[in-house]
Amino acid sequence: MKEAFRRIYGAHPEGVWAAPGRVNLIGEHTDYNDGFALPIAIPQHTLVAARKRQDDRLRLHSAQGDGPVLDLRVTQLTPGAVTTWAAYPAGVVWALREAGHRLGGADLHIDSTVPVGAGLSSSAALECAVAFAYNDLYDLNLSAPALALICQRAENGFAGVPCGAMDQLASACCTAGAALHLDIRAGSHEQVPFAPEAQGLSLLVVDTRVKHDLGDGAYAALRTGCERAASLLGLEALRDLTPADLPRAARALPAHLLPLVRHVVKENARVTHAVSHLRAGHLAALGSILTDGHASLRDDFRISCAESDLVVDTALAYGALGARMTGGGFGGSVIVLAEEGRAEGIGVAVTTAFRAAGYQLPHLFPITPAAGARRIS
Ligand code: GLA
Numbered sequence: 409m410k411e412a413f414r415r416i417y418g419a420h421p422e423g424v425w426a427a428p429g430r431v432n433l434i435g436e437h438t439d440y441n442d443g444f445a446l447p448i449a450i451p452q453h454t455l456v457a458a459r460k461r462q463d464d465r466l467r468l469h470s471a472q473g474d475g476p477v478l479d480l481r482v483t484q485l486t487p488g489a490v491t492t493w494a495a496y497p498a499g500v501v502w503a504l505r506e507a508g509h510r511l512g513g514a515d516l517h518i519d520s521t522v523p524v525g526a527g528l529s530s531s532a533a534l535e536c537a538v539a540f541a542y543n544d545l546y547d548l549n550l551s552a553p554a555l556a557l558i559c560q561r562a563e564n565g566f567a568g569v570p571c572g573a574m575d576q577l578a579s580a581c582c583t584a585g586a587a588l589h590l591d592i593r594a595g596s597h598e599q600v601p602f603a604p605e606a607q608g609l610s611l612l613v614v615d616t617r618v619k620h621d622l623g624d625g626a627y628a629a630l631r632t633g634c635e636r637a638a639s640l641l642g643l644e645a646l647r648d649l650t651p652a653d654l655p656r657a658a659r660a661l662p663a664h665l666l667p668l669v670r671h672v673v674k675e676n677a678r679v680t681h682a683v684s685h686l687r688a689g690h691l692a693a694l695g696s697i698l699t700d701g702h703a704s705l706r707d708d709f710r711i712s713c714a715e716s717d718l719v720v721d722t723a724l725a726y727g728a729l730g731a732r733m734t735g736g737g738f739g740g741s742v743i744v745l746a747e748e749g750r751a752e753g754i755g756v757a758v759t760t761a762f763r764a765a766g767y768q769l770p771h772l773f774p775i776t777p778a779a780g781a782r783r784i785s
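Here it is in structure tokens:
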């Protein structure tokens, strides 16, 4: 990284920062409903080598491309000004300035091992790596959660994606060997020890290679549906409902909104159950919670797809403890929890099933909960 930076910019970087992608164990589409989620960071991450500039130019290069990706003045950063993926890093600088921080330019060189469009939060990893770099370069002294919210603002206000805060909080705040219990309304998070390998379990990621795009309107429509349901019920957010309130909600809501509400309410309860199992050291008990979560996303939220369902069904048929799609939906990745001895057979069975169905073959890899964003040199 440092050598590549020097070749491009003719000077050494001041440091290198890293931020990971994430998978969410449970708690999907709950973040923008003020609810709970339980993500972990994955070992795949984005690196940013950076150097502060004395002027206000923001320059960006990527190991994944040739030539400059971006070269403009930070004062020219306005929503809509950048329409490529560079909107994510540029948006972070915009959001920091919007929040009142007096920032100038920087030279940035980016490299990443987080697969793009796989539902593993490559954009949050990129945003967080840049935010942590700027935080140090300009001595901003912002906390990890504060930087995560800046990144969410970048994505909402600059890149035009109406996401919640889970991905950015996961990338910024996760720690190795733990899942991050997020309470979005309270603005709090707790590290819950999670080491599947210590109990002879494996957590597999299956990237279905069905590309998802949160900017295409379907995600926004779900979010609007949830907000509409909350307002019809006279609530600030769906977080305010418990499963016992569902019969009352069913009487008060138009039929098409009820499945959305049912998913969010039960999903929040699943996060709470999952956390109790983790705290009690009963990791295998997580399995059925994952599978129930998948059924809810498939049948109530209706954001799964044939490929993700095939992974889940095949994994369960070959002895997985549980499996579910993770992330925003409409493709992306599935996580599978299995006894270590079964993981390989499950992987082979999933690949065979994809071949038989004529689908593009999936990418499979095991993960362990990794560290969140940090300076690495
Ligand atoms: C995407 C969004 C998150 C969250 C998930 C669904 O990853 O970026 O904010 O809403 O979908 O849980």
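Be aware that the sequence shown starts at 409, since it is given in this note's numbering, and climbs by one per residue.
All C-beta atoms in this analysis are idealised placements derived from N, C-alpha and C, irrespective of residue type, glycine included.
From a predicted model like this one, the values you see are computed outputs, not experimental measurements.
Residue environment analysis places R732 among the buried positions, since at least 16 neighbouring C-beta atoms fall within 10 angstroms of its C-beta. For the region 718 to 784, the full-length alpha helix (DSSP H) segments reaching 4 residues or more read 748 to 765 along the chain. Annotated three-state conformation of S531 is helix, per DSSP. Contact holds between the region 463 to 471 and the region 484 to 498, because three or more Cβ pairs, one in each stretch, are under 8 Å apart. By the Cβ neighbour-count rule, D575 is buried, with 16 or more other Cβ atoms within 10 Å of its own. Excluding its 5 nearest sequence neighbours in each direction, R647 has C-beta neighbours in its own chain below 7 Å: N441, D442, G443, R593 and N676, listed in chain order.
DSSP, reduced to helix, strand and coil, places Q599 within a strand of the structure shown. With fewer than 16 other Cβ atoms from the protein chains shown falling within 10 Å of its own Cβ, S785 counts as exposed.
7 Å or more divides the Cβ of A603 from the Cβ of L577.
Contiguous beta strand (DSSP E) elements confined to the region 450 to 518 occur at 465 to 470 and 478 to 481, taking only those with 3 or more residues.
Restricting attention to A507, G508, S530 and G423, the CA atom closest to the CA of S741 is found in S530.
Each of E436, H437, D439, C571, G572, M574, D575, G735 and G736 has a C-beta closer than 5 Å to some heavy atom of the ligand GLA; these make up the full list, in chain order. Between S704 and H664, the gap from beta carbon to beta carbon reaches 7 Å or more.
Closest in alpha carbon position to G633, among D439, H681, L668 and P601, is L668. For H589, the enclosing beta strand (DSSP E) covers residues A586 to D591.
Look at R636 here: in three-state DSSP terms it is helix.
Cβ neighbours of K674 within its own chain (closer than 7 Å, five residues either side excluded): P651 and S704.
The three-state secondary structure of I558, taken from DSSP, is helix. Counting the other CB atoms within 10 Å of its CB gives T680 a total below 16, which places it among the exposed residues. The Cβ atoms of P447 and R461 do not sit closer than 7 Å to each other.
The beta carbon of A757 sits closer than 6 Å to those of T722 and Y726, all from its chain and outside the five residues before and after it, given in chain order. The C-alpha of G766 lies about 54 Å from the C-alpha of R510.
Between G753 and C713 the beta-carbon gap is near 24 Å, outside 8 Å, which marks them as no contact.
Residue pairing by DSSP puts A426 in a beta bridge opposite L455 and R782. Straight-line spacing of the CA atoms in A660 and A688 works out to 38 Å.
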